[in-house]
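Take a look at the structure set out below.
In the numbering used here, the protein residues as written are 197 to 360.
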């Protein structure tokens, strides 16, 4: 990935993380600034990693699904600035959590834009590449949501007393 693409991925991750954390801070006004900054930094790292892993995971799925043996060792699919810029717009729109349908349609558009390069890099059809991208996106989102729920559950549970 180019440095510009890395910066765009991190900015998209920051926007996604802020969109998740700000409603929490609005409901709990007594949250300290260091806790909010820590949550924001952690969320940015996680969301940026998910965004960066999306094409790589889809590339790995597409290569696993090929029936013919791999003839050449093609390089993995990575983000380009032109591909990640709409994703950054998608993250900014999701920031206030006002447009989930528009957010989803932009994600679908970015995925459709990635399907062509993925199909060319792996030798699968466009539809197979789109399916791999959808599967990778849903799988990564499910893993992050599961981890988020576990962290939220352990973070809200107070100290437990031992039964006498």
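We put the CB at the ideal spot given by N, CA and C, even for glycine.
Asked: Short Cβ contact (8 Å threshold) for residue 261 with residue 334; Found: no
Asked: Exposed unless 16 or more other CB atoms sit within 10 angstroms - verdict on residue 254; Found: buried
Asked: Residues near residue 282 in its chain [Cβ-Cβ closer than 8 Å; skip 5 each side]; Found: 302, 305, 306 and 309
Asked: Best match in 217, 212, 232 and 202 for proximity to residue 337 [C-alpha to C-alpha]; Found: 212
Asked: Spatial neighbours of residue 324 in its chain, beta-carbon cut-off 8 Å, leaving aside the 5 residues before and after; Found: 258, 261 and 315
Asked: Entirely enclosed alpha helix (DSSP H) segments - the stretch 206 to 276, minimum 4 residues; Found: 229 to 260
Asked: C-alpha distance - residue 349 paired with residue 339, whole-angstrom precision; Found: 15 Å
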